[in-house]
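I have placed the structure first, in the form of structure tokens, so that the comments after it can refer back to it.
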């Protein structure tokens, strides 16, 4: 007998919230109730879902006392305010924001990598940063080939990471640019049409921005490698919904062969090798969009360092980078009986 | 008395050819004759220039016996076929193609870096690859701060590097994408609207593509550092005319301080530091487009390696990456009396 949990989605109207609904339907996630929650502003609105129209309810007035699992995807502020309430009222919380990720008592989980860190005592699970997830899907399996010492990564991040409004802004600005009309940045700080810019998060004293610091700290936690060296440069490119990353992985000793890397990645769940030199076919955001798997290619020895190899990856930021990973966490917890239901 | 050379442009109708004409005018390059040359297909067409309309002449039928300097920008094949003829007939040739760049008898020149390699015996000068020029404008000045050992670079290259038709394709495809119409790649091998892909050049046995191998080999030649280690990953992004690059520079010993790097770059000709952490203002292709200077920012210590620093650069591929650098070579040679005229 499969249990049928009562599921709530906080931030249902956002880009990630919509993906949750599609994924529940596609993956036949059992549930006895599905509630869409948002701020007072959206409450009362109807929203079309794969299960028919749902009326959005006001998060601030909602009681979680019947809830089995609550997915939060409405920003760190909303998570900090309402996740403790949901937990207190007995629900399991899977949080897509950065609010609790670095809390030592909260597992930060990519199921394929460290799903085993969730124990029956854990009621709050954090879903990692999208750039970290997509990078680690390709890098983590390589631990079987040698000790990883350092990662150098430059990202090519899509609009979706800044939400549905940023995706809309990219399309609108690009249309305006093609018509020769002026660009008007509203959501993002810089013109976005046919442009790219350093990730728009505050910058630390060390010169790294918040996104880069998340990649460093979260990767160390997920891999349980507190000393792992990581040098990230995070860049927003005019792409709609998949992040790409150029990655150099440096091992403590001589790097594994290209063939061994390709072989390990070919057998890694959630990863698809796309690496055809003859036809110049490698991971691209359009190929990754809508795909559950993270695409990996440009697998080659680092010509400048015998201990390093290079990879180029692309993964759907809204799927494996956000909603899919959270749904996979829930699936694992349902299977282990850590999320119950009717 | 300034000499007034007779100047010819081969490939005048291309994206770089048009920039030559603008630059001659802006920089008041003296000339007693200016001839636009192209293939038989374009010969006889009128072309608007800052000096009025010019009739394009047939390259195959043209005699260079009166020419003082010929700019070639019509692909390697055209340069290989006609540059020897121009040289034989007594002209100086400045070649924007890759045809002669690695010939040990041909100087490969970025004037700010190695202008002194041109001697009176040199009649053929090669203009380097755009990605190499833009990277080296930021990296070469750092040699004054320590011995550079290794460069790791991931590029964000614009459509202009593949010519005017690729720029048009990006615009057309993006318009089609916004209208929900299918994309039809013609010039470039992959869909380009809201997408990015590995540089579309043939791939070597080592897994590096031709663009990456050019960055390696040409940088070593320009810097006269045959053992310099370089690990490039070249990527085409949906941007029109400026290349960006995420660069990690590793020194043989402890890296110079951020302040020293910023100071040296602030005083380097052809470089403009754009590095404001408070307002998140760093090099962007739109800011670099139409600018002669290469923009440099994200200057910071590599958090993963005490011997390394990071940079992010953006430079106009058609200007410093191509036409401007070639015009600067000509200016230097005119000044030294190596290009004569009436």
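Chains as they are written, first to last, in my numbering: chain A, 1 to 342; chain G, 1001 to 1342.
From the three backbone atoms N, C-alpha and C, an ideal C-beta is built for every residue, glycine too.
Handout entry: Touching by the beta-carbon criterion (3+ pairs, under 8 Å), the region 1099 to 1110 of chain G and the region 1040 to 1051 of chain G
Key = Counting Cβ pairs under 8 Å, fewer than three are found: no touch.
Practice task
Mind listing the chain A neighbours of residue 1040/G? Cutoff is C-beta to C-beta under 9 Å, in chain order.
Solution key: Contacts between residue 1040/G and chain A, judged by CB atoms closer than 9 Å, are missing: the closest CB pair is about 31 Å apart.
Practice task
Provide the residue span of the beta strand (DSSP E) that contains residue 47/A, from first to last.
Solution key: Boundaries of the beta strand (DSSP E) around residue 47/A: 46 to 49.
Practice task
May I have the straight-line CA-CA distance separating residue 216/A from residue 233/A, to the nearest angstrom?
Solution key: For the pair residue 216/A and residue 233/A, the Cα-to-Cα distance works out to about 11 Å.
Handout entry: Distance between residue 331/A and residue 1/A (C-alpha atoms, nearest Å)
Key = With a pLDDT of 46 at residue 1/A, under the threshold of 50, the modelled position of this residue cannot be trusted; read the value that follows with caution. Cα-Cα distance, rounded: 15 Å.
Problem - Residue nearest to residue 266/A in terms of C-alpha spacing, selected from 129/A, 55/A, 294/A, 251/A - result: Residue 266/A has its Cα closest to that of 294/A, out of 129/A, 55/A, 294/A, 251/A.
Handout entry: contact_flag[the region 70 to 86 of chain A, the region 188 to 203 of chain A] where n(CB pairs < 8 Å) is 3 or more
Key = In short, these stretches do not touch, since the Cβ pair count stays below three.
Problem - Collapsed DSSP secondary structure at residue 1001/G in the structure displayed - result: Below a pLDDT of 50, predicted positions are generally treated as unreliable, and residue 1001/G, at 46, falls in that range; no measurement from the model is reported.
Practice task
Would you list, in chain order, the members of the region 1248 to 1261 of chain G that have their beta-carbon closer than 8 Å to a beta-carbon of chain A?
Solution key: For the region 1248 to 1261 of chain G, the set of residues with a beta-carbon nearer than 8 Å to any beta-carbon of chain A comprises 1248, 1258, in chain order.
Exercise for the section: Using a cut-off of 8 Å between C-beta atoms, extract the partners of residue 132/A located in chain G. Expected result: What residue 132/A touches in chain G: nothing, since even the nearest Cβ is about 15 Å away.
Exercise for the section: Using only alpha-carbon positions, find the residue among 30/A, 145/A, 92/A that is nearest to residue 253/A. Expected result: Nearest option by C-alpha distance: 145/A.
Practice task
Evaluate residue 11/A with the Cβ neighbour count: other Cβ atoms within 10 Å of its Cβ, from every protein chain shown; 16 or more gives buried, anything less gives exposed.
Solution key: Taking all protein chains shown into account, residue 11/A has 16 or more neighbouring C-beta atoms within 10 Å of its C-beta and is therefore buried.
Problem - Residues bridged to residue 1300/G [DSSP beta-bridge criterion] - result: In the DSSP output, where bridge partners are listed per residue, residue 1300/G has 1310/G.
Problem - C-alpha gap between residue 1062/G and residue 1016/G, whole angstroms - result: The straight-line gap from Cα to Cα measures roughly 21 Å.
Handout entry: residue 1118/G - DSSP class collapsed to helix/strand/coil
Key = Correct three-state label for residue 1118/G: coil.
Exercise for the section: State the Cα-Cα distance for the pair residue 1149/G and residue 1249/G, rounded to the nearest angstrom. Expected result: Using only the alpha carbons, I get a separation of about 8 Å.
Problem - Selected residue, minimal CA-CA separation from residue 214/A, among 38/A, 134/A, 335/A - result: Answer by Cα proximity: 134/A.
Handout entry: Three or more C-beta pairs below 8 Å linking the region 1203 to 1212 of chain G and the region 1181 to 1190 of chain G
Key = Taking one beta carbon from each stretch, the region 1203 to 1212 of chain G and the region 1181 to 1190 of chain G have fewer than 3 pairs nearer than 8 Å; the two do not touch.
Handout entry: 7 Å CB neighbourhood of residue 1318/G in its chain, flanking five on each side removed
Key = For residue 1318/G, same chain residues with a beta-carbon under 7 Å away, outside a window of 5 residues either side, are 1015, 1016, 1019, 1160, 1241 in chain order.
Practice task
Run the CB neighbour count on residue 1256/G, radius 10 Å, all protein chains shown included, and call it buried at 16 or more, exposed below.
Solution key: Per the 10 Å Cβ criterion, buried.
Handout entry: CB contact below 8 Å: residue 1088/G versus chain A
Key = At least 8 Å separates the CB of residue 1088/G from every CB of chain A.
Handout entry: Beta-carbon proximity list for residue 1305/G, same chain, < 7 Å, skipping 5 on both sides
Key = These residues qualify, in order along the chain: 1250.
Practice task
Give a yes or no on whether the minimum CB-CB distance between residue 1016/G and chain A is below 8 Å.
Solution key: No, no contact with chain A.
Practice task
Just mark residue 31/A as buried or exposed, buried being the case when its beta carbon has 16 or more other beta carbons within 10 Å.
Solution key: In the assembly as shown, residue 31/A is a buried residue. Its beta-carbon has 16 or more other beta-carbons within 10 Å.
Exercise for the section: Given a cut-off of 8 Å, decide if residue 290/A and residue 137/A are closer than it, judged by their beta-carbon atoms. Expected result: Not a contact, by the Cβ cut-off of 8 Å.
Practice task
Could you tell me the distance, in whole angstroms, from the CA atom of residue 116/A to the CA atom of residue 264/A?
Solution key: Rounded to the nearest angstrom, the two C-alpha atoms are 21 Å apart.
Practice task
With a threshold of 16 other CB atoms inside 10 Å of the CB of residue 243/A, please say whether the residue is buried or exposed.
Solution key: Burial of residue 243/A is indicated by the presence of at least 16 other C-beta atoms within 10 angstroms of its C-beta.
Practice task
Less than 8 Å between the CB atoms is what I'm expecting for residue 71/A and residue 94/A, so what's the real figure, rounded?
Solution key: 5 Å between Cβ atoms; contact.
Exercise for the section: Use the C-beta contact count for residue 88/A: other C-beta atoms within 10 angstroms, 16 or more gives buried, fewer gives exposed. Expected result: So residue 88/A ends up on the exposed side.
Handout entry: Own chain, CB closer than 7 Å to residue 1039/G, minus 5 neighbours either side, in chain order
Key = The residues 1059, in chain order, have a CB closer than 7 Å to that of residue 1039/G in the same chain once the five nearest residues on each side in sequence are set aside.
Practice task
Can you pull the chain G residues whose beta carbon is under 7 Å from the beta carbon of residue 240/A, in chain order?
Solution key: Chain G residues near residue 240/A: 1194.
Practice task
Determine, using beta carbons only, whether residue 243/A comes closer than 8 Å to chain G.
Solution key: No, residue 243/A does not count as interfacial toward chain G.
Practice task
Apply the 10 Å Cβ neighbour rule to residue 140/A and answer buried if 16 or more other Cβ atoms are within range, or exposed otherwise.
Solution key: Label assigned to residue 140/A: buried.
Problem - Short-range partners of chain A found in the region 1148 to 1182 of chain G, where Cβ spacing is below 7 Å - result: For the region 1148 to 1182 of chain G, the set of residues with a beta-carbon nearer than 7 Å to any beta-carbon of chain A comprises 1150, 1152, 1154, 1156, 1171, 1174, 1175, 1178, in chain order.
Handout entry: Contact with chain A by residue 1188/G, beta-carbon distance below 8 Å
Key = Taking Cβ atoms only, chain A never reaches closer than 8 Å to residue 1188/G, which makes this a no.
Exercise for the section: Please name the residue, chosen from 1259/G, 1278/G, 1315/G, that lies closest to residue 201/A on a Cα-to-Cα basis. Expected result: For residue 201/A, the closest of 1259/G, 1278/G, 1315/G by C-alpha to C-alpha distance is 1278/G.
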